[in-house]
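S.K.: Each residue of the sequence shown is one higher than the last, beginning at 122 in my numbering.
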Amino acid sequence: MAYENGYEVVNYIGNCIERYRKDPLIFTKATQLIPVYMLRKDWPFCVKDLDKTIKEILGDSLSSIASFVERYLDDPRIVWPENLPERFLDDLKIFHETISPIIKQASLGVASPLRFAGVNVSFYNDRPPLITIIRLDGEKLDLEITVEDLETTIQILNDILSKTKEKEVGRNEGNS
122 MAYENGYEVV NYIGNCIERY RKDPLIFTKA TQLIPVYMLR KDWPFCVKDL DKTIKEILGD
182 SLSSIASFVE RYLDDPRIVW PENLPERFLD DLKIFHETIS PIIKQASLGV ASPLRFAGVN
242 VSFYNDRPPL ITIIRLDGEK LDLEITVEDL ETTIQILNDI LSKTKEKEVG RNEGNS
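(1) Going by alpha carbons, who is nearest to Arg161 out of Leu262, Asp258, Thr273 and Thr285?
(2) With DSSP as the reference, label Met122 as helix, strand or coil.
(3) At what residue ranges does the stretch 147-214 contain a whole run of the beta strand (DSSP E), taking only runs of 3 or more?
(4) Looking only at its own chain, which residues have a Cβ that is under 7 Å from the Cβ of Asp196, when we skip the five neighbours before and after it?
(5) Spell out the partners DSSP gives Lys261 in its beta bridges.
(6) Does the Cβ-Cβ distance between Val168 and Ala227 come in under 8 Å?
(7) Distance check for Asn293 and Leu264, CA to CA, integer angstroms please.
(8) Does the structure place the stretch 123-138 close enough to the stretch 201-211 that three or more beta carbon pairs sit under 8 Å?
(9) Please work out which residues of its chain come closer than 6 Å, Cβ to Cβ, to Ile175, disregarding the five sequence neighbours upstream and downstream, and give them in chain order.
(10) Return the Cβ separation of Ile254 and Val240 in integer angstroms, given the expectation that the two are a contact with Cβ distance under 8 Å.
(11) Assuming Phe237 contacts Arg256 under a Cβ cut-off of 8 Å, what Cβ separation, rounded to an integer in Å, is found between them?
(12) To which residues of the same chain is Lys261 closer than 6 Å at the C-beta, ignoring the five residues directly before and after it?
(13) Between the Cα of Leu213 and those of Pro234, Ser188 and Lys225, spot the shortest distance and give me the residue it belongs to.
(14) Alpha carbon to alpha carbon, what distance is there between Ile186 and Val242?
(15) Output needed for Ile223: all residues of its chain with C-beta closer than 8 Å, excluding positions within five of it in sequence on either side, in chain order.
(16) Give the DSSP bridge partners of Glu129, in chain order.
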C-alpha cells in the first residue's frame, strides 16, 4: 500500500482534526447537510457541491476523508497525534459508516444514471394503481396501469429476462 503523504495522519486529515478540536459537532453538522443535497433535483450530480460545502465544515473534503478511512484508519503504521481529541476516532468512524453508502450510491448514479433504482405503487380509491418507476439519477415515470396493462408488462419483462439470461449464458460460455 502506498503512503503518498507519509505516515503522519495530519498529512491526510490534519485540517479535519483541527476543526474538530474547535467544534466536536462538525461531523454531525456535515451529516445534517447530506439530505439537503440528496433532495436536490440534480442529485447525484451535485456531489461536488456537497464535497465543497462539507470541506468548509470539516476542513478536508468528503472524498479525502473517506479515502483516508478506507485505506489507512486501521493501519498500525499510521502515526496519530498524541493530543488527538478523545472522541475523534469514534466520531470519524460513525461519520464514515453514515456517508459511505450514500457516496457509493451517488457514484453509481453518476456512472450509470439510467439504471433502475426502484418501483413504487400507490392505490387510489376507484382509479387504476399508479406505478412509479425510478432511475438512479432520480428521474421518475408515473403510469396508471390496468390489470391488462400489468399482465402485458409482466409478459414483456419475462421475455426480456429470458433473452438477457440467454445472452449471459452465451457470454459465460465464451469466457470458458
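Virtual Cβ for every residue (Gly too), placed ideally from N, Cα, C.
M.R.: Reading it off the structure:
(1) Among Leu262, Asp258, Thr273 and Thr285, the Cα nearest to that of Arg161 is on Asp258.
(2) Confidence at Met122 is low in this model, with a pLDDT of 43, below 50, so the placement of that residue should be treated as unreliable; the coordinate-derived value is given next. Three-state result, Met122: coil.
(3) Whole beta strand (DSSP E) segments, 3+ residues: zero.
(4) Excluding sequence positions up to five before and after Asp196, its CB lies less than 7 Å from no other CB in the same chain.
(5) The partner list for Lys261 (beta bridge, DSSP) reads Ile255.
(6) A contact, by the Cβ cut-off of 8 Å.
(7) Using only the alpha carbons, I get a separation of about 36 Å.
(8) As far as the Cβ criterion goes, the stretch 201-211 touches the stretch 123-138, which means the pair count is three or higher.
(9) Same-chain partners within the cutoff: Ala151 and Leu183.
(10) With 8 Å as the limit, Ile254 and Val240 qualify as a contact, their Cβ atoms being about 6 Å apart.
(11) Confirmed, about 7 Å.
(12) Only Thr253 and Ile255 meet the Cβ criterion.
(13) Considering only alpha carbons, the answer is Ser188.
(14) Rounded to whole angstroms, Val242 to Ile186 spans 38 Å at the Cα level.
(15) The beta carbon of Ile223 is closer than 8 Å to those of Ile155 and Met159 in its chain, skipping five residues each way along the sequence.
(16) Residue pairing by DSSP puts Glu129 in a beta bridge opposite Val200.
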